[in-house]
Amino acid sequence: PFTPSSSPYEKEKIKVTIMETGTVTSALHSLIPGGVVGIRGPYGKEYSLSDFEDKEILIVGGGVGLAPLRSLFFALVHDIEKYKRVLFCYGAKTPSDIVYKTAVLEDWHKINPERIHFRITVDQGDENWKGKVGLVTNTLDNLNEKIESIEESVAVVCGPPIMMKFVTLKLLDIGYKWSNIFLSMEKNMSCGIGKCGHCQMGKFLVCRDGPVFTYDKIKDFPTIWD
Numbered sequence: 029p030f031t032p033s034s035s036p037y038e039k040e041k042i043k044v045t046i047m048e049t050g051t052v053t054s055a056l057h058s059l060i061p062g063g064v065v066g067i068r069g070p071y072g073k074e075y076s077l078s079d080f081e082d083k084e085i086l087i088v089g090g091g092v093g094l095a096p097l098r099s100l101f102f103a104l105v106h107d108i109e110k111y112k113r114v115l116f117c118y119g120a121k122t123p124s125d126i127v128y129k130t131a132v133l134e135d136w137h138k139i140n141p142e143r144i145h146f147r148i149t150v151d152q153g154d155e156n157w158k159g160k161v162g163l164v165t166n167t168l169d170n171l172n173e174k175i176e177s178i179e180e181s182v183a184v185v186c187g188p189p190i191m192m193k194f195v196t197l198k199l200l201d202i203g204y205k206w207s208n209i210f211l212s213m214e215k216n217m218s219c220g221i222g223k224c225g226h227c228q229m230g231k232f233l234v235c236r237d238g239p240v241f242t243y244d245k246i247k248d249f250p251t252i253w254d
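First residue of the sequence shown: 29, per my numbering; consecutive thereafter.
So, in structure tokens, the structure goes:
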């Protein structure tokens, strides 16, 4: 529940998004300005942005899976002229669960409305919610209204495993290639350098070989959605 979420082009500082859920995250939340935190890394493999150039990019995030996608989003924004367009689909349980709520609902929409578009939904609305209500998979309906060439488009998916499973299945049904679906796999990592085996997934160690995988590399492993 914590991840770097700033643009990789921000060199002077790093922004980390942390959800308070346990001992470590509670300790981080209790820090005051001037507190010291040690950081190891970076480890593993990132999104290969060169594979995205001159293509339409679909980003699908669910819940707190938006946090690591924020970093990718701002990396794309930095060189937006290299990409044909970006469609960002995001779903949360309720309006109050939307991460970076003001940015997601307002600020990001103003960055480059010609090339960057959004589809936002919540599973359950409230009396103040005026947007879409439904599962995040619903944001993939009528995708050809925003994505001209689905077969050549790339999709990036990050969120809870069950959400990633059904989003991936729908993307395949729509016509996305296995090799064009990029998944950010969530496994409990311990050592971070591929030694302890705690995050093993088939023949891969997520901390070393991932966490970003294309679906064709991991589709035959029975535990990818665990």
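C-beta: ideal position from N, C-alpha, C; glycine also.
Tell me the DSSP secondary structure of residue 108 in three-state form.
Helix, per DSSP.
If we define contact as Cβ-Cβ less than 8 Å, is residue 75 a contact residue for chain D?
The structure shown has no chain D; it contains just one protein chain.
Give me the residue from 140, 142, 139, 131 with the minimum Cα distance to residue 148.
Of 140, 142, 139, 131, the residue nearest in Cα terms is 131.
Determine the burial state of residue 88: buried for a count of at least 16 other Cβ atoms within 10 Å of its Cβ, exposed for fewer.
Under this definition residue 88 is a buried residue.
With DSSP run on the structure shown, which of helix, strand or coil describes residue 242?
Here residue 242 sits in strand by DSSP.
Three or more C-beta pairs closer than 8 Å, one from the region 117-125 and one from the region 141-158: is that the case here?
Yes, they touch.
Scan the region 195-237 and note each continuous beta strand (DSSP E) run of 3 residues or more that stays entirely inside, going in chain order.
Whole beta strand (DSSP E) segments, 3+ residues: 209-212.
What is the C-beta distance between residue 90 and residue 188, in whole angstroms, given that I count them as a contact (C-beta under 8 Å)?
That pair is a contact at about 6 Å.
Do residue 242 and residue 209 count as a contact pair if the criterion is CB distance below 8 Å?
Yes; because the gap between Cβ atoms is below 8 Å, this pair is in contact.
Kindly indicate which three-state DSSP category residue 92 falls into: helix, strand or coil?
Three-state DSSP puts residue 92 in a helix.
What does a CB cutoff of less than 7 Å around residue 216 pick up in its chain, not counting 5 residues either side in sequence?
Cβ within range, chain order: 226, 227.
Work out the CA separation of residue 153 and residue 159 for me, nearest whole Å.
C-alpha separation (whole angstroms): 8 Å.
Quick test of the definition: if touching needs 3 or more C-beta pairs under 8 Å, does the region 96-107 touch the region 175-186?
Short answer: they touch.
What span of residues does the alpha helix (DSSP H) with residue 51 cover, start to end?
Run containing residue 51: 51-57, per the alpha helix (DSSP H) assignment.
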